[in-house]
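Undergrad:
Protein chains: 2
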Amino acid sequence: MGKVKTKFKRPPMILPVSLIGANVEGKPNFQAIAWFNMVDYDPYLIGLSSERSHYTNKGIKENKTFSVNIPDSTMASVTDFCGLYSGEEVDKSKVFDVFYGALQTAPMITKMPITVECKLTQTIKLRHADFFIGEIVGVYIEDKYLVDGKLDMKSIDPLLYEDGLNKYWSLGEFIAKAFDIGKKFKPKIK
Amino acid sequence: MGKVKTKFKRPPMILPVSLIGANVEGKPNFQAIAWFNMVDYDPYLIGLSSERSHYTNKGIKENKTFSVNIPDSTMASVTDFCGLYSGEEVDKSKVFDVFYGALQTAPMITKMPITVECKLTQTIKLRHADFFIGEIVGVYIEDKYLVDGKLDMKSIDPLLYEDGLNKYWSLGEFIAKAFDIGKKFKPKIK
Numbered sequence: 059m060g061k062v063k064t065k066f067k068r069p070p071m072i073l074p075v076s077l078i079g080a081n082v083e084g085k086p087n088f089q090a091i092a093w094f095n096m097v098d099y100d101p102y103l104i105g106l107s108s109e110r111s112h113y114t115n116k117g118i119k120e121n122k123t124f125s126v127n128i129p130d131s132t133m134a135s136v137t138d139f140c141g142l143y144s145g146e147e148v149d150k151s152k153v154f155d156v157f158y159g160a161l162q163t164a165p166m167i168t169k170m171p172i173t174v175e176c177k178l179t180q181t182i183k184l185r186h187a188d189f190f191i192g193e194i195v196g197v198y199i200e201d202k203y204l205v206d207g208k209l210d211m212k213s214i215d216p217l218l219y220e221d222g223l224n225k226y227w228s229l230g231e232f233i234a235k236a237f238d239i240g241k242k243f244k245p246k247i248k
Numbered sequence: 059m060g061k062v063k064t065k066f067k068r069p070p071m072i073l074p075v076s077l078i079g080a081n082v083e084g085k086p087n088f089q090a091i092a093w094f095n096m097v098d099y100d101p102y103l104i105g106l107s108s109e110r111s112h113y114t115n116k117g118i119k120e121n122k123t124f125s126v127n128i129p130d131s132t133m134a135s136v137t138d139f140c141g142l143y144s145g146e147e148v149d150k151s152k153v154f155d156v157f158y159g160a161l162q163t164a165p166m167i168t169k170m171p172i173t174v175e176c177k178l179t180q181t182i183k184l185r186h187a188d189f190f191i192g193e194i195v196g197v198y199i200e201d202k203y204l205v206d207g208k209l210d211m212k213s214i215d216p217l218l219y220e221d222g223l224n225k226y227w228s229l230g231e232f233i234a235k236a237f238d239i240g241k242k243f244k245p246k247i248k
C-alpha cells in the first residue's frame, strides 16, 4: 500500500474548460480548450496551448487577438461539440450569438457567463503546440451574477473538465477562504 | 440586463491547486500554485508560473527539476499554509514526509494523492514571473485510488481553487463524458 509509480503519462486533473474564440478569415470560430491558465499579472496575461495544426491558431495569428469563454455546467454538450469538430470541417460561426469588445476581432459568446478578450503578446513554439500568451483587455460577466460588483461562483456553476480521463464535472461546495485558513495551521514538525 | 464589462482585471476561475516542490539549498520546499497546466504532449509538458522573487524559483533553477503535488479537499489548511509563508521565512522541509523518484531532486509529498516529477526543459521570463516548462518523468498515485489501473476522480476529491476571489472548493458531480456528449449536439443555425 502507498504511493505507486503509474503508467499515466500525465496526471489526471480537474481543469477549467473554455471555448477559445478567434476570427478565422473573418468568421468567428470556437475551440474547446482546457490547457490554459493565468501566467502573469500587471498586466494580467493568459497563456493557452493549442496544437499548431488547429484551425483556431490561424485566426489568433491573423488578428493577434483571441477570447476565452467560460461555459456553465448546462453547456457541456455545445462545449464538447466545439472540441470534437474542427472549424476546417464545421462552420461554427452560426452556433452562438457573438459580440465584440474593444479589440473588435475577438469574438465573445453572448450567453456564456464569463468572457474575456485578449491581445496576443507572445507566441512560444512548443513541439506540437503553439503557446499563446495574451494580455487581458476586458472581462465581461452576465450582470445577473454580479451582486454589488461581487460574484458567487456557485451561482455561475462553471463546467469543469477532467484532463486525462475526459469527463465533465460540476463544482462542489465551498471549503474555506484562501490566504486565510492556513494562518491557523500549525505544522507538526517531524 | 445581459453581459457587462466589469472592473475585474482577470476572470474569476476555478483552477486546480498544487504544491510545487523543489529542493532549495538541499532542503525540500513547497509553494501553493494554481497557475499551472499542461502545455504540450509527446512528451507531456507542464507549464507553471511563479513570481521571480519566490524562494521555490531558486530551487527549480538550481536542480532543473520540480514536483507537482495535488492535495485532496481535506488538505486546504496545509496547502494554504504553504501559500501564505515563503520558504525564506518558514522552513517547510519538515512539514511533510517526502519521497524522491528517478530525478532524485524533485521532492514529492507522500500523503498527497497524486504527485508528478518534472525535468525543467525551458524557462520563459515574463514581466513578473518565471514560466517554467517541465517534462513529466513520473506520475505517482496512492494505490487505494487505482482500481484495475483506473482512477475515480470523485474518490480523490481534489482541492480546487477560485482564482480572483481566493476560495477553496470541492469537486461536484459527474456531468458527461467528453469527446462524446457533443456528438449528439445539433446546433440551431441562426
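These protein sequence lines are chains A and B, in that order.
Under this note's numbering, the first residue of the first sequence carries the number 59, and numbering increases by one thereafter.
Under this note's numbering, the first residue of the second sequence carries the number 59, and numbering increases by one thereafter.
We put the CB at the ideal spot given by N, CA and C, even for glycine.
State the Cα-Cα distance for the pair A/Met170 and A/Asp155, rounded to the nearest angstrom.
TA: About 10 Å.
Undergrad: Does DSSP put A/Gly240 in a helix, a strand or coil?
TA: Here A/Gly240 sits in helix by DSSP.
Undergrad: Using the beta-carbon of each residue, which ones in chain B are nearer than 7 Å to A/Arg68?
TA: Per Cβ cutoff of 7 Å: Met96, Tyr102, Ile194, Val197.
Undergrad: For a cutoff of 9 Å on Cβ pairs, would you count A/Leu229 as touching chain B?
TA: Chain B contact via Cβ: present.
Undergrad: When DSSP labels each residue in this structure, what does A/Thr181 get in the three-state scheme?
TA: It is a strand residue.
Undergrad: Would you check if the stretch 101–119 of chain A and the stretch 184–202 of chain A touch, i.e. whether three or more CB-CB distances between them fall below 8 Å?
TA: Judged by Cβ distances under 8 Å, the stretch 184–202 of chain A makes contact with the stretch 101–119 of chain A, as three or more pairs qualify.
Undergrad: Measure the C-alpha to C-alpha separation of A/Lys61 and A/Ile182 and round it to an integer number of angstroms.
TA: Distance between the alpha carbons of A/Lys61 and A/Ile182 is about 35 Å.
Undergrad: Hey, quick one: how far does the beta strand (DSSP E) through A/Met96 stretch, first residue to last?
TA: Its beta strand (DSSP E) spans residues 94–98.
Undergrad: Going by C-alpha distance, which of A/Lys63, A/Ile239, A/Leu229, A/Gly117 is nearest A/Ile78?
TA: Answer by Cα proximity: A/Gly117.
Undergrad: When the Cβ atoms of the stretch 229–242 of chain A are set against those of the stretch 138–155 of chain A, are three or more pairs found closer than 8 Å?
TA: Contact between the stretch 229–242 of chain A and the stretch 138–155 of chain A is absent, because fewer than three Cβ pairs lie under 8 Å.
Undergrad: What residues in its chain sit with their C-beta under 8 Å from that of A/Leu209, if we drop five residues either side in the sequence?
TA: So the list reads Ile199, Tyr203, once near-sequence residues are dropped.
Undergrad: Is there at least one Cβ from chain A nearer than 9 Å to B/Ile78's Cβ?
TA: Not an interface residue.
Undergrad: List the residues of chain B that A/Gly159 touches, going by C-beta distances under 9 Å, in chain order.
TA: Per Cβ cutoff of 9 Å: Lys63.
Undergrad: Do B/Leu73 and B/Glu231 have their CB atoms nearer than 9 Å?
TA: No, the Cβ-Cβ distance between B/Leu73 and B/Glu231 is not below 9 Å.
Undergrad: Taking a contact to mean a Cβ-Cβ separation below 9 Å, would you say A/Ala187 touches A/Asn121 in this structure?
TA: Not in contact: A/Ala187 and A/Asn121 (Cβ atoms no closer than 9 Å).
Undergrad: Look at the Cβ atom of A/Ala90, then the Cβ atom of A/Thr137, and state whether they are nearer than 9 Å.
TA: It is a contact, given that the beta carbons lie within the stated cut-off.
Undergrad: Tell me whether A/Glu146 sits in a helix, a strand or coil according to DSSP, three-state version.
TA: If DSSP states are grouped into helix, strand and coil, A/Glu146 belongs with coil.
Undergrad: Going straight from the alpha carbon of A/Leu229 to that of A/Ala134, what length do you get?
TA: For A/Leu229 and A/Ala134, the distance between alpha carbons rounds to 13 Å.
Undergrad: Determine whether the Cβ of B/His186 lies closer than 9 Å to any Cβ atom of chain A.
TA: At least one chain A Cβ lies under 9 Å of B/His186.
Undergrad: If you count every other CB in all the chains shown that lies within 10 Å of the CB of B/Pro101, and 16 or more means buried, which is it?
TA: Burial call: exposed.
Undergrad: Helix, strand or coil for A/Thr123? Go by DSSP, reduced to three states.
TA: If DSSP states are grouped into helix, strand and coil, A/Thr123 belongs with the strands.
Undergrad: Where DSSP assigns a beta bridge to A/Tyr102, which residues make up the other side?
TA: A/Tyr102 pairs with nothing; no bridge assigned.
Undergrad: Which class does A/Tyr265 belong to by DSSP, given the choice of helix, strand or coil?
TA: Since the displayed chain A opens at 59 and closes at 248, residue 265 of chain A lies outside it and no answer follows.
Undergrad: Determine the chain A residues that contact B/Val174 at a beta-carbon separation under 7 Å, and present them in chain order.
TA: What B/Val174 touches in chain A: Pro69.
Undergrad: Just to make sure I have the definition right: I need the residues of chain A whose C-beta is within less than 8 Å of the C-beta of B/Val126. Which are they?
TA: Those are Pro69, listed as they occur along chain A.
Undergrad: Would you list the residues sitting across from A/Tyr219 in a DSSP beta bridge?
TA: Partner(s): A/Leu73, A/Tyr226.
Undergrad: So what's A/Met133 in DSSP terms, helix, strand or just coil?
TA: Helix.
Undergrad: For chain A, check one thing: does any of its Cβ atoms lie closer than 9 Å to the Cβ of B/Asp206?
TA: Answer no: the Cβ-Cβ gap between B/Asp206 and chain A never drops below 9 Å.
Undergrad: Of the choices B/Leu161, B/Gly159, B/Gly240, B/Arg185, whose alpha-carbon is the least far from that of A/Gln180?
TA: Considering only alpha carbons, the answer is B/Arg185.
Undergrad: Run down chain B in chain order and give the residues with a C-beta less than 7 Å from the C-beta of A/Tyr113.
TA: Per Cβ cutoff of 7 Å: no residues; A/Tyr113 is ~16 Å from chain B at best.
Undergrad: Select from B/Ile128, B/Glu146, B/Val205 the residue whose C-alpha is nearest the C-alpha of B/Glu15.
TA: Nothing can be reported for residue 15 of chain B, as the shown portion of chain B is limited to 59 through 248.
Undergrad: Below 9 Å between beta carbons: does that hold for A/Asn95 and B/Phe94?
TA: Going by C-beta atoms, A/Asn95 is nearer than 9 Å to B/Phe94.
Undergrad: Rounded to a whole number of angstroms, what is the C-alpha to C-alpha distance between B/Gly207 and A/Val205?
TA: Cα to Cα, the separation comes out at about 45 Å.
Undergrad: Thinking C-alpha only, which one of A/Phe157, A/Thr132, A/Asn224, A/Pro69 is nearest A/Asp215?
TA: Cα-wise, what sits closest to A/Asp215 is A/Thr132.
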